[in-house]
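Peer 1:
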Amino acid sequence: MSISLDIKYAARLLHKKPVFTVLTVLIVAIGLGLTLYTYSLLSSLVFKPLVLNNDKPVISIEGEFNESHLYRIGVDPFDLLRVRNEMDDLQDFGIYIEGTALIGKPDNNTGTRKFNAAFIEWNVFEFAGVQPILGRGFTPEDHFEGAEPVMVLSHQVWQDYFLAKEDVVGSVIMADAIATRIIGVMPEGFAFPATAQTWHPIEQNYLTPTVRTRERFYAYAHLKDNADFSTFEHKLSVLNKSIVESLPENMLWRRSVDGGYLVTLPFKKASIPQFYSIFITMFVVVFLILLLACINVGNLLLARVNERFKEIAIRVALGVPRKRLILQMLWESIFICTVGGFIAILLAGWGLELSNSVFEQMYAVNQQKPFWWHVTLDSDAILVLIIAVIMMIAITGLIPAWRALSGDFNAVLRDGTRGAQGKKAANASKALVISEIFLSCVVLVIATILLASSYSAGRADYGVETQNRITATIELPSENYKIRYGTEHQDSDTLNRTAVYYKLKTELEQMPNIEAVSFMSSLPGTGEGASYFEIEGRAALVYNENPASNSEVVARDSWRAIGMKVIQGRDFDHRDISATEATIIINESIAKEFFPDGDAVGHRVRRIGENRQGDWLTIIGVVSDTFHGSAMKTSSETYTSYYLLDTIGRSRIDIAIHYVGQQALAQKSLQQAINNVDDNVTSYHLQSYDDLIAQPMILVSAISKVFLLCGVIAVFLAASGIYAVAANGITQRTQEIGVRRALGASDNNIMRLFLTQAVSQLLIGLSIGVAISLWVVNSMTDTLVINDASYVIGLFGIPLLIIIMVLFATYVPTRKVVLMEPSFALHHD
Amino acid sequence: MNNNIVADQQPLVELGDIKKVFFTDDVETHALNNINLTINKGEYLSITGPSGCGKSTLLSLLGLLDTANSGSYQLAGHDVSSLNRDDRSKIRNKEIGFIFQSFNLISDLSVAENVELPLTYRTDLTAQQRGAMVGDSLEKVDMLHRANHFPSQLSGGQQQRVAVARAISGKPSIILADEPTGNLDSKNAQIVMALLDELHREGATICMVTHDPRSAARAQRMIEVFDGKIVADQSTEITAAIAV
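In the order they appear, the protein sequences are chains A and B. All you need for this note's numbering is the position in the first sequence, starting with 1, plus 1258. All you need for this note's numbering is the position in the second sequence, starting with 1, plus 70.
1. Of the residues that make up the segment 1991 to 2024 of chain A, which ones have a beta carbon closer than 9 Å to any beta carbon in chain B?
2. Flag this pair as touching only if the segment 1697 to 1708 of chain A and the segment 1733 to 1746 of chain A have three or more C-beta atom pairs under 8 Å; answer yes or no.
3. Strictly below 9 Å CB to CB, what residues from chain B border E2095 (chain A)?
4. Can you list, in chain order, the residues of its chain whose CB lies under 7 Å from that of A2083 (chain A), leaving out five sequence neighbours each side?
5. Restricting to Cα atoms, I'd like to know which of B:L128, B:E113, B:I261 and B:K89 is closest to V211 (chain B).
6. Expressed to the nearest angstrom, what Euclidean distance is found between the alpha-carbon atoms of A1479 (chain A) and L2032 (chain A)?
7. Which residues bound the alpha helix (DSSP H) around Q1389 (chain A)?
8. Would you grab the beta carbon distance between Y1519 (chain A) and I1501 (chain A) for me? Rounded to a whole angstrom, and I think it's under 8 Å.
9. Report yes or no: do the segment 1392 to 1410 of chain A and the segment 1459 to 1479 of chain A share at least 3 C-beta pairs separated by less than 8 Å?
10. State yes or no: is the C-beta of Y1419 (chain A) within less than 9 Å of the C-beta of E1379 (chain A)?
11. Return the chain-ordered list of same chain residues with a C-beta closer than 8 Å to the C-beta of H1632 (chain A), the five sequence neighbours on each side being excluded.
12. Got a sec: is the Cβ-Cβ distance from Y191 (chain B) to anything in chain A below 9 Å?
13. Between F1567 (chain A) and chain B, is the shortest Cβ-Cβ distance under 9 Å, so that the two count as touching?
14. Quick one: is I1645 (chain A) buried, meaning 16 or more other Cβ sit within 10 Å of its Cβ, or exposed?
15. Could I get the ranges of all uninterrupted beta strand (DSSP E) runs contained in the segment 1898 to 1938 of chain A, with 3 residues as the minimum, in chain order?
16. Quick one: what does DSSP say M1444 (chain A) is sitting in, helix, strand or coil?
17. Interface residues of chain B around S2081 (chain A) at Cβ under 7 Å?
18. Closest to T1293 (chain A) by C-alpha separation, out of A:L1604, A:G2027 and A:I1793, would be which residue?
19. Using the DSSP secondary-structure output, state which residues sit across from Q1826 (chain A) in a beta bridge.
20. Determine, using beta-carbon pairs with one atom in the segment 1573 to 1586 of chain A and one in the segment 1648 to 1665 of chain A, whether at least three such pairs fall under 8 Å.
21. Once the 5 residues before and after V1542 (chain A) are set aside, which same chain residues still bring their CB inside 7 Å of it?
22. Assign I2010 (chain A) to buried or exposed, taking buried as 16 or more other Cβ atoms, counted over all protein chains shown, within 10 Å of its Cβ.
23. Are I1361 (chain A) and I1317 (chain A) close, meaning C-beta to C-beta below 9 Å?
24. My guess is that A2016 (chain A) and L2065 (chain A) are in contact by the Cβ rule of under 8 Å, so how many angstroms apart are they, rounded?
25. Closest Cβ-Cβ distance between K210 (chain B) and chain A: below 9 Å?
26. Do L1421 (chain A) and G1442 (chain A) have their C-beta atoms within less than 9 Å of each other?
27. Whole alpha helix (DSSP H) runs in the segment 1744 to 1832 of chain A with 4 or more residues, listed along the chain?
28. Output yes or no for whether 9 Å exceeds the beta carbon distance between I117 (chain B) and K125 (chain B).
29. Only counting the same chain, and skipping five residues up and downstream in sequence, which positions put a Cβ closer than 6 Å to that of K1526 (chain A)?
30. Are R1865 (chain A) and S1780 (chain A) touching if we call contact CB-CB under 9 Å?
31. Helix, strand or coil for F1351 (chain A)? Go by DSSP, reduced to three states.
32. What residues in the segment 1274 to 1294 of chain A have a beta carbon less than 8 Å from any beta carbon of chain B?
33. Taking just the CA atoms, how far does N1374 (chain A) sit from L1975 (chain A)?
34. Can you pull the DSSP bridge partners for D303 (chain B)?
35. So with Cβ pairs under 9 Å, would you call S207 (chain B) a contact of chain A?
36. For R216 (chain B), go through chain A and note every residue whose CB falls closer than 7 Å to its CB, in chain order.
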C-alpha cells in the first residue's frame, strides 16, 4: 500500500513538471540509445569473437599490420608450416589467401564474371562446422598436383549466376580460364573467411612447402580447450623471434623495422586494422556521453531534491524510515530511466538499420562486406541495456537520495533557512561542473576534429578530372596470359599481356562517345602506400631516411583521360620499352622538392629498402600532382612515381574512361570493347570516378556523422548540464550571496566571486579535457590524417565555446540572485 | 544593566511614513504601515512583536536589505531611501553591522576570514589594517584563539560570537541584530547578550529584533510592532516601572 502511495506521488510530481520529465527522459534515452547502438555495432564488428557453428573463437595468424600501407599482410606459407608444426596450443588450423576468380559458364554466352574467391585448405568447411547443401566439400586429395581442379560455390553465386540449377554440381566451368568442376554449393550466408563467393583448394606445395616463397598467406585456427589466447600470443611471439632470426637476406623485407612479422589476432579484429582506432574512439566518446547524461539527470534530480528539501524534512520529522525515503527518491529515477530505456531501444534499432544500409552502400561495388557485418539488437545488447538502466537508476537516484539523507532537517524546520552551502555540497557542486566541462570538452573536441578532417578530406583536390569519367578494374585470365618469369619468354609474355590493354584502349578511343582511356595500377584517389627511393648521388645514411613515394604502373598516353598533364620532359613511348636503362616519370611535388632548379629530367632514382635496392631509373618526365589514397589516411602520399606498364605487365589494372553523353552508354561501350578484344577478359568494380573516390570515405563519413550526432548531443547535454549544475550550485548559495550582500558586497563583488570560481573550474576541466582529447586524437593519427585546421577548430574553438557556455551559465543565474533583494536572499528557501 | 547609558540626542536613523507591501499572487500584504521612527546615536533599541507583525521587515529596511514602497529614510543625516544598489552596498558595508539568528557564517571561510569579509569589500584598507581590525574584533568577543578554525568546528554560541565580531569589525554606526539568541541555549544567549551590552557601553548603537522579553528588557528603549505599525515606543525603565 505504502509503495503504491509512493509511486502515485512520484507520478504526480513528474506529471506536475512535464518539461522536466520530458527533458530527463530524453537525456536518458539519448545516452542509453547511443550506448546500446555502439555496443551492438562494436560487438558485432569487433569485440564479439567469431565462433561460426563451432563454440570456439576463430583466431587469425598473419603478418604484422603495416601502418605505412594500411592493409593486412600475409606470411610465407613456409613459416605458417612451422606454426602448424610447432604450436601445440592449436587444435584446428588452415591457410588461405583471398583473391578473385573469373568465372565463365560452360555455354559462355553471358560473359565472364569476377567473384571474390578464397583459395583455401580443404578443412575449411569442417573448421567452420558448415557443410555444402549440394554436393560435397573438399578432400585432402583435391590439393594434389594433377588432381582435377574443383570449386565450391556460395549460395548467392549459385542463385544469381547459375540460376539455382541443381545440376550445376558436377558441371565444368571456366575459372580463371581453367576448366574447373563445381563440386558443391554452400548454404546461404556462408562466406568464411570473410567475403568468399567461391572456394578453391590451394596447391599442395603451399601446405607443405620445402622452400621459402614470396607468397602471402593467412591462417585461421582454433585454440585447444586448455589454451588461452594470451599464452598462445606469447608463444607465437617466441616463435616469431626465431623465424625472424632465421630469415635469409633476400627475405628480410618480411619483417618490420622492430622485428615484427607473425602475429595472432581475434579473427574479427584482424579484419579491420584500419578502422580499429576509430571504433575504439567511438566507444570512448559514447561512454563519455553516457556519463554526461548520467551527471545531467543526476543533477536535475539533485536540484529537485533541493527544491523539495522542506518536504523531505517534514517527512523525516514524521518518522519516515531511511529505506523508505531512499525508495521515494528512487521512484522518479526508476520511471525516467525505464521509459528512457524503452525509447533507447527504438533509437538504437533505427541507428543499426541505418548502419546496415551504410555497409551495403560501402560494399555495393566490390562485394567485400565481411559476412558478420550485419548489426542487430541481440539478447546481449538487451542485457547491457538492462545493466545500464540499473546503473543509471543507481547513479541518478542515489545521489539525490544521499543528498536527501544528509541534510540538516532540524535547521530547515526550525527557521526555514539552510545557512551557507555546506563544504561537502559546495565541493560536490564544483566537481559536477568540472566533470561536465571535461566530459563535454573530450566529446566535442574529438567529434569536431573528426568532422572537420572528414569534411576537408571530402573536399580534397585529388588532382584529376572526375566528371564524365567511369572507372573499372580489368582482369585478364592469368592462365591465358602467363608470364614465364626468368625465361627467355618473359619480355614477349609481358608485351603479350600489355597488348590486351592497348587493344582495349584503341578500341574504346575509336568509339564516338569515348574521348580518352587511362590505365593505372591504382587511379588517383585510390591506392595507398609508400616506398623509399634514392636519388643518385644523394643517398641517405639509412635507407628509411630517404624520401618515400607512392608508385604506380601506368600505360602510355594515360594522362589526358583523367586531366593530368606532362609538365616537363615527355610521356612514356615505344623508346622506353626497349630502353637499355629503365625509365620513370615523377610528379610535380617530387620535382619541386628535390629538383628546385627544374632539372629533374635526366636524373636517376631507384627504389630502396632494407638490404635491397632496385635498378637505376632515368627520369624522363614530370607530370602534374595527384593524390593517391583517401585524404583521411596516413598512408596516402603526395609524392608519386610512375612506371611503364609495358615493361612490367599486370594481370589486373584500373581503367578510367573519359566519355561524352550518358554513363550507361560508356559502360556498354567498355563491355563491347572487351568482347571485341577478348571475351575472357573481365571488368568489374564499374562505377563513376566520383563514386570510386567516395568509396573509401563512406565508413569514415558515416562514423563522422555518428560523431556529429554525438557532438550535437554533447553540446546539448553540455550546455544544459553546465547551466543546470552551475545554476543549481548558485541557487544553493543564494543565502550566502544574501549574507555577502548584507555585509556590503557590491554586485560586482558577487559577480567577480562567482566568475572567478567558474574560471578556476574551467581551467581544471579544460586542462583535463584537452589532455585526454589530445591523447585520444593522437591514438587515431596512426590511421587517420588530421589536418591543422581541424586541430585549431577542435583545440581552440571547442574550449572557447565551453568557456562561453560556462561563463554564460554562471553569469545568468548569479545575476538573477544578485538582483534579488538581500532580505529575500537571506531567507531564501 | 545598561539602562543608565544615555544616548546623545543626535538622530542616527530617521524613518518617515515608511510603507512596505508584499505581493503574493493576487494577495497584497501590508507588512509595514506608516512607520515613523528615530534612533539616536548610542541608543540600544529592541523591537518586539508577534510573528508576522513586520519586525524583521522593519529591520531589513533599516539595514538597507530591502527597499520601502514609500517613505523616507535618513541615515546619519543622509537620505538613503533613493540610493542605487551599489551605494546601498557601500552604506551597509561601512555604516551597518548585522547579527543574524542563524549566524550566517560562510562555511568555506575560516573564523578570521569570515570576520575580515566585510573589510575586503572596502578599497581603503590595507591587508595589515584589516588584519589588525580582525584581531581587535575577535579579541573583543574572546575568539582570537579560534581564528583559524572553520565555523563547523565551533559551537553555536562561539559561531554567534564570531558573527558579532564580524558585525563590529568595520566599526559601523549601527548594529542590527535579528533574534541574536534565537538559536542559542540560555548560557550562550547570556554570553551574547552580555557582549551586546558591552558594545553598547562602548558607544555602539544597537537595534535588536527579539521575541525574548528578557533580551528586550536589556535595551534602553523598546518598540512593539503589531500588524505593521508601531503600537508602543517606550523606555524600558518605564516598562519596568509599570511592571512593578
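Even glycine gets a Cβ: it sits at the ideal position worked out from N, Cα and C.
Peer 2: According to the structure shown:
1. Q1993, E1994, G1996, V1997, R1998, R1999, A2000, L2001, G2002, A2003, S2004, D2005, N2006 and N2007
2. no
3. Absent from the model: residue 2095 (chain A). The displayed extent of chain A is 1259 to 2087, so no value can be given.
4. T1992, Q1993, I1995, G1996, R1999 and V2075
5. B:I261
6. 38 Å
7. Segment: none, Q1389 (chain A) is in no alpha helix (DSSP H) and carries neither H nor E.
8. 6 Å
9. yes
10. no
11. S1302, N1614 and F1617
12. yes
13. no
14. exposed
15. 1898 to 1902 and 1910 to 1917
16. coil
17. S130, L135 and D136
18. A:L1604
19. A:V1880
20. yes
21. V2034
22. The question names Ile, but residue 2010 (chain A) in the sequence shown is Arg. R2010 (chain A) comes out exposed.
23. no
24. 6 Å
25. no
26. no
27. 1748 to 1767
28. yes
29. V1304 and L1308
30. no
31. strand
32. none
33. 46 Å
34. B:I293
35. no
36. Result: empty, since nearest Cβ-Cβ is about 17 Å, beyond 7 Å.
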